[in-house]
Amino acid sequence: MNIVLSLLSAFSAGTSDFLGGLASRRAPAVVVTMYSQAMGFVVAVAIAAAAGGEPTTADLWWGALGGLGGAAGLLSIYAGYASARVAIAAPVAGVGAAAIPVLFDVATGDDLTATAGVGVVLGLVAIALVSMGRSDAQGTVRQSLLYGLGGAFGLGFLLLCLGQASDDGGVWTVAPTRLTGCLVMLVVVLMRGAPRQFPRVVWQHVVGIGVLGTGANALFVAATRLGSISTAAVLVSMFPAVTVLWARAVFGEKLRPVQVVGLGVALLAVGLIAAG
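For the sequence shown, position 55 (counting from the first letter as 1) is numbered 56 according to my numbering, and the numbering increases by one without interruption.
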């Protein structure tokens with residue numbers, strides 16, 4: 002069940018990311034993220050209330066810290082996409098976000114079987130391969146790496162914090178994650194003076210991003226209670242594969258050979274993790 006929940010989380014996150022890309026074509030990405038985080042907070046409270054649970058103060062603080070990391074990671078990734086090489090920043094962010102919880106899990110004594118360990122390593126490789134898109138000429142390699150590392154540490158820290166939720170806390174940890182993320186984005190929007198209005202059609206995407214993104218976090222929290230954080234983190238971080246497939250289905254975008262290989266490696270990784 003840990004694997005099933007993690008893959009569902011990856012699907013939700015990848016679909017949310019695809020909708021975020023659509024919305025950002027018509028409105029500033031930071032503003033879209035701010036509103037979707039606010040929507041996500043409402044959804045998180047509703048899910049947590051329905052699921053029940055008695056969160057501790059520590060659960061809520063872990064969620065708030067995770068929200069800060071998630072917001073910082075998103076800002077770094079957006080900046081990298083705008084002024085650096087996406088083909089470098091995206092794989093670094095994706096692999097790094099998965100690697101941080103894996104390293105933490107290993108450091109704290111969570112032993113993986115040899116089969117599952119190979120699956121985790123292949124999963125990291127798959128994330129990098131699937132994330133590779135065509136690079137434009139802007140930005141230096143160093144800048145791209147820095148932006149990618151910023152995204153990796155931020156999103157990796159978010160996954161790590163969500164994985165610390167207590168067994169009795171339900172998914173309440175997700176609510177403060179979204180709230181602090183929204184507040185951070187609001188500060189950024191105000192500092193940049195970005196317009197806070199956008200076409201009505203974008204609101205449909207904002208709702209979808211909020212629901213799916215929050216659902217992905219809730220599924221990840223549930224998955225970590227049924228298995229290791231490292232396994233769940235690697236599987237969830239395969240969400241770029243879902244985004245790529247949506248782009249293929251909706252826009253007819255062609256997959257690069259390296260991405261096709263990445264999808265195959267991802268399937269192999271899931272099979273090994275499941276067998277382990």
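In this text, a Cβ means the ideal position worked out from N, Cα and C, and glycines have one as well.
Look at V172 here: in three-state DSSP terms it is coil, with no helix or strand label.
Annotation: P200 is outside any alpha helix (DSSP H) and is labelled neither H nor E by DSSP. Contact check for S7 against A153 fails: the beta carbons are separated by 7 Å or more. The beta carbon of G54 lies closer than 8 Å to those of D169, G170, G171, V172 and W173 in the same chain, with the five residues before and after it left out.
Assigned with DSSP and collapsed to three states, R27 falls in coil, not helix or strand. The Cβ-Cβ distance between A50 and I274 does not fall below 7 Å. Rounded to the nearest angstrom, the Cβ distance from R179 to G41 is 4 Å, consistent with a contact under 8 Å. The beta carbon of V44 is closer than 7 Å to those of G211, V212 and T215 in its chain, skipping five residues each way along the sequence. Here G164 carries a coil assignment [DSSP, helix/strand/coil].
In this structure, T16 is the residue among L146, V203 and T16 with its C-alpha nearest to the C-alpha of L246.
P56 and M35 have their alpha carbons spaced roughly 25 Å apart. Annotation for D18: F240 and T244 place their beta carbon closer than 7 Å to its own, counting only its chain and skipping 5 residues before and after.
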